[in-house]
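Everything below concerns the one structure shown next.
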Amino acid sequence: MRDNVGSSQGKQAEKDLDTRFVEIRESQGLPDNEVVRELMRDVYYSHEGDTLDAEYPEMLRKRWEGIQKAVRD
């Protein structure tokens with residue numbers, strides 16, 4: 001039973017994070033494609049701490065702008 005509850009909670013947390021990623025992607029005006037979704041996961045999972053949720057949108061924006069600049073250059 002514990003395994004089922006833990007699995008269910010893990011799946012819900014994953015769904016909640018995916019929903020948050022969609023909201024942030026839309027608010028940042030980022031395209032909806034797999035490369036951007038992968039970037040979002042990479043940035044999020046490569047950081048930790050109590051302030052991650054608050055700082056994440058800005059970290060993502062900076063990373064995206066850096067990629068755009070590198071491609072343009």
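Residue numbers for the sequence shown follow our numbering, beginning at 1 and rising by one.
Heads up, the beta-carbon is just placed ideally off N, CA and C, and yes, glycines get one too.
All values reported here derive from a predicted model rather than from experimental measurement.
Cβ of residue i within 8 Å of Cβ of residue j?
i, j, result
"Y56", "Y44", "yes"
"R61", "Q28", "yes"
"R20", "L39", "no"
"L30", "V22", "no"
If you run the structure through DSSP and keep just helix, strand and coil, what is residue i?
i, result
"D16", "helix"
"L30", "coil"
Have a look at the options and flag the residue whose alpha-carbon is nearest the alpha-carbon of residue i.
i, options, result
"E58", "D73, I24 and P31", "I24"
"E14", "K69, G66, E26 and R41", "R41"
"D16", "E48, V36, D53 and G49", "D53"
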